[in-house]
Structures are given as C-alpha cells and as structure tokens.
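Quick note on numbering: the sequence shown equals residues 12 to 442 in my numbering.
Ideal Cβ positions, reconstructed from N, Cα and C, are used throughout, including at glycine.
In what follows, a single structure is set out as structure tokens and then discussed.
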Amino acid sequence: MQIISAHKNTDFDALASLVAASMLYPGAQALLPSGVNQNVRSFLSIHKDIFDFKTAKDLDLSSIYRLIVVDANRWVRLEGLDPLMRRTDIEVHIWDHHPEIGDITPTWSRQDSLGATTTLLVEAIRERGIDFSPICATLFLAGIYEDTGHLTFPSTTPRDLRAAALLLERHADLKVIQTILRPTYGPQQKEILFRMLADTRRMKVNGYRMSVSKLELDGHTPGLAEVVSMYRNIVNVDVAFGIFRDTRTERCMVIGRSGIDSFDVGAVMRILGGGGHAGAGSAIVKDATPDGIEVWLSEAIQDYRQLPVQISDLMSFPVDHVTPETPMKEVATVLNEKGYSGMPVMEEDRLVGIISRRDLNKVKSRQWQSPVKAFMSRKVVTVTPMHTVAEAMRILIKHDIGRLPVVQDDRVIGIISRSDAMIYYYDLIPE
Ligand SMILES: [Mn+2]
C-alpha cells in the first residue's frame, strides 16, 4: 500500500496537494489529519463525498511500501506516522515548497522554493496530461491563493502564477474561492479587534510609529494573528503588537506585525523566544506581565539598529544647487538640462530656499534676469541624518514634495529625491 500524508492543522495548500498527489499516485490512500484549519473544515463538510480520506489510525501501517509526504518535511508535522520513522524498507517521496531542510529523509523528492506546494503538483499533473474537474481546479487554486496571499506574498514565483493561470483555464471558480478563503474572522475576533482598538497606545520610538494593545483572554482564541494584521492596518502604524494574556495559563501571547521593510518584527520576536519573518512574528512568554512585555518591546525598538538602509545610503551627494543671485533664466536652463523638477538654493553649504519647476510659471518675460531669491520658497522641509528612511519617505509623501534636503548642523549634506524613494521602495539599493 502507498499512503499520502500532509501536515497537521491542514490548510488549503496541504489539502490541495493531497488531492493532487492522489492523481499522480493512482491507488495511493490519502490521509487527512484529524485537525484541519477552520476554512478547510467548512470546505470538506460540503465536499466530503468527492474525496476519499482516511486517518493513519484506520490503516495497517505494516503493509506500507511507499509514503508520499506533501507540503511538509518534518515528522512532527505528520499525524500517526511515527512508526514509519525507523522503517528502512519503505520509499519516501517528498513534494514540498519549504526552503528549510527537514528531518524526513526522502528516497526521492521534489522540493522547490515556491509560493505553494500545489504549484509543484499542478505542474506534474499538466506534464503527465492528467485531466481534472473544475472542482479540483478550484481547490488547487485555493491552495495556491492561500499560501501566496492571492499571489501577493514575496514568496510568490512566476511558476505559481503560471499554475494559477492554468487552473483558471480549467474553470476554477473564483466565487467559490472567495467564500472558502474568507479569513477566520468571526464575532469573537471582531470583539477582540474592537477591544484592541479601544485600548490602544500609540507611540513613536526610534523613528518608528508603533502601537501596542494589551488584552486579557480566557483560554485559546483562534485567529489572533489575523486580528493583529487588521489592527495594524486600521491604526496605520509601522509596527503593531498585540499582547494577549491568557488568564488560565497566565502566559502571554505576543503577536507583532510590521508594515515596513526597515523593521524586522521576526527578529524582535526571536529575542523573546519566538519567531517569524520581517512582516510577522509571534512569541509565547511565560513569567512576564503584559506591562513588562510592553516596556521590553519599546526598549527593543529603541535599540533596534538593523536598519538595512540609512538616509546616508539613499541620499545623493554632492547636491546640485544654485545661489540666491542666480538669474531665473539660468535656473530654468539648469532644471531643463538636468531634468530636475526642482533644486535647492544655497549660500555656500547653507540652505536658503528651494526653487521648483512650478515657480517658473510665475516668471514674467521681463523678469528672466531677476535673481532666483525673488521666486524661491523660503520654507523648506528638510530631514537630518538622524531621521529614519521610513520617516523621510513619510515626509516626502505627506508634503507631496519632490526632494528633501538632508541638513546637519545647518549644512546641506545631501538630498533625497522621489527617484531615491522609488529605489527604496523597490529594494534597488546595490548591496
Ligand atoms: Mn504550503
């Protein structure tokens, strides 16, 4: 007998991979763990008749000659298969998209870094010319969408999009997908979100806009990560934390979300004993009060120095400029030649004003010999090298200006332009 297993707390990528692997290994029995995520459970309650799943308990494991593992690479993630761990007489195939190496040693594997494992299996199904129904196409697409955040997570690859395109061609139903992939966000989560918003503390630490909310919860509450994501979006800060104290175990669950590249919330959670990646992280903390954790968090952010990009990396230097006495005619020529939309006006290295292309419209024909100081604006928005890049970007956007002089001790030491901002947002900084 051959069996196919996906990970516990099965999500759509795992479920879709199970079903897809059943097509690639005819006769193999797919095993569904007893714990599946909430959306998968609702999906299965409607589609149960279509699929034939068993659990490891239902089977006599001694007759197995091949184990196919999908969307996982560690034994602890599989349910009821520990007896197979030491068996040397079975083949083990792994289909997985997780980049880190696990402890299941395969005899054969296809492990590519992709947005979803389903993509790998859909590719194999296509190569072998196997036909599948629109319902399967819908499930496969749900798998890819779920693990790639509807093809928006940075882990998404061109192969995921190609597989998604194929599934749409095979009549995957996007309306059904919208229903089955709805966030695990029920009345309980809504109530928590409202409480978080009511008890929110906003602060500015080390240049980051940060927000913390502390709540007491009674027992395990699903969907907290989703709630904190939503919370960060609504309060619109760079970094948001929810500190949830479980009144039964007296442990605190800390969930963090970062909306900016320059702050790696996973790194901060790792110091707390948890984990995560740049945008999302969490930790469970024993023996600490929510207030204590809040203080710790703001200190950690205060000390956060792993800014990948500093203002000095981003700014241009030397700064092209004109002096206050430069005639407007010359200013217009320089702006045109250099393709600038504006330029600082400087006396030595002191900033006295800024002139933009827009100001040229105010110049009457007899005024072209007049000095720029008569037309420049004297109120100039600037930053210092002590600002974070995120702050500088916010200032650019808030004032809708094209350039931001960087000023230190009254001297202009550089300038940040809109195109520098694009470089920052699109990560184009050379290493
Ligand atoms: Mn997956």
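Check residue i in the structure and name its three-state DSSP category.
i	result
T21	strand
I9	This structure cannot settle anything about residue 9, because the visible part of the chain is limited to 12 through 442.
A294	strand
F386	coil
R121	strand
S56	helix
S144	coil
I426	strand
D257	strand
A41	strand
E180	helix
E442	With a pLDDT of 36 at E442, under the threshold of 50, the modelled position of this residue cannot be trusted, and the question is left open.
CA-CA distance, residue i and residue j?
i	j	result
F54	S33	18 angstroms
S16	Y156	21 angstroms
Q378	H410	29 angstroms
R139	A183	20 angstroms
A236	M354	46 angstroms
A343	R368	8 angstroms
R88	P169	28 angstroms
A25	K225	34 angstroms
Q189	F328	50 angstroms
D360	Y351	20 angstroms
L228	Q200	11 angstroms
V383	E341	9 angstroms
T149	A31	12 angstroms
R429	M221	25 angstroms
M280	V223	14 angstroms
Q380	E336	10 angstroms
I141	I112	30 angstroms
M214	I412	26 angstroms
D421	R414	17 angstroms
F143	T300	54 angstroms
Spell out whether any CB of chain B is found under 8 angstroms from the CB atom of residue i.
i	result
D272	No chain B is present in this structure, which holds just one protein chain.
Could you name the residues of the same chain whose beta carbon sits closer than 8 angstroms to that of residue i, not counting the 5 residues immediately before and after it, in chain order?
i	result
T66	L42, L43, P44, S45, E90 and G91
I295	R262, C263, M264, V265, G284 and G285
P94	L72
Q13	Y36, G38, A39, Q40, I75, Y76, R77, L78 and I79
H18	A25, P44, D82, A83, R88 and L89
Excluding the 5 residues preceding and the 5 following residue i in the sequence, name in chain order all residues of the same chain whose CB lies nearer than 6 angstroms to its CB.
i	result
T393	P416 and V418
S269	V250, V276 and G290
I271	D249 and A401
V345	none
T129	D24, A27, S28, F151, G154 and I155
V187	T149
I254	K225, C263, V265, P301 and I304
Taking 7 angstroms as the limit between beta carbons, can you name the residues of its chain near residue i, skipping five residues before and five after?
i	result
I374	The sequence given here places Val at residue 374; Ile does not occur at that position. Within the same chain, V374 has close Cβ partners M339 and F386.
M357	H332, T334, V363 and V423
P194	E237
I105	V80, N84, I115, P117, S120 and Q122
Assuming residue i contacts residue j (C-beta within less than 8 angstroms), just tell me the rounded distance between them.
i	j	result
L204	V238	5 angstroms
I322	A403	6 angstroms
S240	G267	No, S240 and G267 are not in contact; Cβ-Cβ is about 10 angstroms, not under 8 angstroms.
I427	L325	6 angstroms
Contact set, ligand 1 heavy atom to C-beta under 7 angstroms:
D22, D24, A25, D82, H108, A127, T128 and D158
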